[in-house]
Amino acid sequence: MKLMTTTKLKTAVISAIVIASVVTPLMVQQQAQARLRNQDGALRQQTDQLAKLQEQNERLSNLLAWANGFRSPSNDQLSELMRLRGETGRLQTAVQELTGPQTIEPLSREEVLASMRQMYLGRVDRLKQLFTTNPAEAVPEL
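Just so you know, we're using the numbering used here here: the sequence shown kicks off at 1472 and counts up by one.
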């Protein structure tokens, strides 16, 4: 009986050693793969951050180049801008009046003449302003 017990015990010990020798490399491999997965995830995050930083760097360098190339407008340009803004306001008012409720009655002769006079006065004012800003283009007959 002792012999059978000893044989079974030896078989169990040998089986345990064999199982341990098979399982140990598998566990080491599993741990190495888990470590590699973690490193891969960290590298992917760093790559994403690097791409975002490069994109932001490109955007900021473009902004800097634009800011360095931007020059402040001269007084003539500012006055022209203000004149154009005023004209835009007048035109917007005219559009609102034209798109507003329409009356069925036609305009009287005096109203038509007044609107034409206003239109031509605006054109004359623009011509005068053009000739004062560009005296080389002035026509003596005008």
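The C-beta atom is built at its ideal place from N, Cα and C for all residues, glycine as well.
As the structure is a computational prediction, the values presented were derived from the model and not from experiment.
{"Query": "Simplified DSSP assignment, three categories, for Gly1571", "Result": "coil"}
{"Query": "Inside the region 1546-1607 only - alpha helix (DSSP H) runs reaching at least 4 residues", "Result": "1546-1570, 1580-1604"}
{"Query": "Helix, strand or coil at Ala1483 according to DSSP, with G and I counted as helix", "Result": "helix"}
{"Query": "Cα-Cα separation between Thr1564 and Met1590, rounded to whole angstroms", "Result": "14 Å"}
{"Query": "Reduced DSSP category for Ala1609 - H, G, I as helix; E, B as strand; rest coil", "Result": "coil"}
{"Query": "Alpha-carbon spacing of Leu1535 relative to Asn1528, whole angstroms", "Result": "10 Å"}
{"Query": "Check whether Ser1586 and Leu1598 have beta carbons under 9 Å apart", "Result": "no"}
{"Query": "Secondary structure of Met1432, DSSP reduced to three states", "Result": "In the structure as shown, the chain begins at 1472 and stops at 1613. Residue 1432 is therefore absent and cannot be evaluated."}
{"Query": "Distance between Leu1480 and Ile1490 (C-alpha atoms, nearest Å)", "Result": "15 Å"}
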